[in-house]
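Below you'll find the structure, written out as structure tokens, and then a few comments.
Numbering (the numbering used here), first residue to last: 96 to 270.
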């Protein structure tokens, strides 16, 4: 069933999820899911996050991972009302990532940023959740999880434009 909503906080979204009787919800986007949804009885919400948890939490984590760890990471966890702190279903660091572009054809940073989070980020999330979380599972409702060690790691915020430009230059070097 399709439901038109104005955003995650729209009561119609919570009502539709509650009425569906779903036990498992996959959330792969950005933003903060409202507690009213996360606390629905019998519902587990899986988030796929392009940072290596528990080390890299927060926003712009694909770029932060490249800057502070030298490679992207990806994790799946059970969402709670708190930011990126739920029990882990899996986490891995990926091979270093570099996408060289001819200097004469390199788009501006805003276009690269939108492209990164519209195409590369979703591909990383999809490949990970299918191959590392769902494919090995026999019962999605009972996926095994492990508590995160919240004493390690950093919660990052959206990058300032100059830092974002440096991260994008590292990811998309001009040739």
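Where a beta carbon is used, it is the ideal one built from N, C-alpha and C, also for glycine.
Counting C-beta neighbours from all protein chains within 10 Å, is the total for residue i 16 or more, i.e. buried, or is it exposed?
{"i": "residue 150", "result": "buried"}
{"i": "residue 155", "result": "buried"}
{"i": "residue 185", "result": "buried"}
{"i": "residue 160", "result": "buried"}
{"i": "residue 247", "result": "exposed"}
{"i": "residue 223", "result": "buried"}
{"i": "residue 220", "result": "buried"}
{"i": "residue 225", "result": "exposed"}
{"i": "residue 228", "result": "buried"}
{"i": "residue 266", "result": "buried"}
{"i": "residue 218", "result": "exposed"}
{"i": "residue 157", "result": "buried"}
Opposite residue i in the DSSP bridges: which residues?
{"i": "residue 196", "result": "269"}
{"i": "residue 139", "result": "119"}
{"i": "residue 186", "result": "170"}
{"i": "residue 97", "result": "Beta-bridge pairing links residue 97 to no other residue."}
{"i": "residue 249", "result": "151"}
{"i": "residue 241", "result": "183"}
Would you tell me roughly how many angstroms separate the C-alpha atoms of residue i and residue j, rounded to the nearest one?
{"i": "residue 163", "j": "residue 216", "result": "17 Å"}
{"i": "residue 102", "j": "residue 243", "result": "29 Å"}
{"i": "residue 113", "j": "residue 135", "result": "7 Å"}
{"i": "residue 200", "j": "residue 188", "result": "30 Å"}
{"i": "residue 120", "j": "residue 206", "result": "31 Å"}
{"i": "residue 142", "j": "residue 240", "result": "13 Å"}
{"i": "residue 116", "j": "residue 126", "result": "23 Å"}
{"i": "residue 137", "j": "residue 98", "result": "21 Å"}
{"i": "residue 259", "j": "residue 193", "result": "15 Å"}
{"i": "residue 171", "j": "residue 238", "result": "11 Å"}
{"i": "residue 283", "j": "residue 129", "result": "For residue 283 there is no data in the structure shown, the boundaries of the chain being 96 and 270."}
{"i": "residue 261", "j": "residue 131", "result": "38 Å"}
{"i": "residue 204", "j": "residue 212", "result": "12 Å"}
{"i": "residue 257", "j": "residue 268", "result": "16 Å"}
Give the C-beta separation of residue i and residue j to the nearest angstrom, bearing in mind that I take them to be a contact with Cβ-Cβ under 8 Å.
{"i": "residue 146", "j": "residue 168", "result": "5 Å"}
{"i": "residue 195", "j": "residue 270", "result": "5 Å"}
{"i": "residue 118", "j": "residue 236", "result": "5 Å"}
{"i": "residue 140", "j": "residue 133", "result": "6 Å"}
{"i": "residue 251", "j": "residue 165", "result": "With 8 Å as the limit, residue 251 and residue 165 do not qualify as a contact, their Cβ atoms being about 15 Å apart."}
> So does the stretch 100–107 actually touch the stretch 166–186, counting three or more Cβ pairs closer than 8 Å?
Replying inline: no
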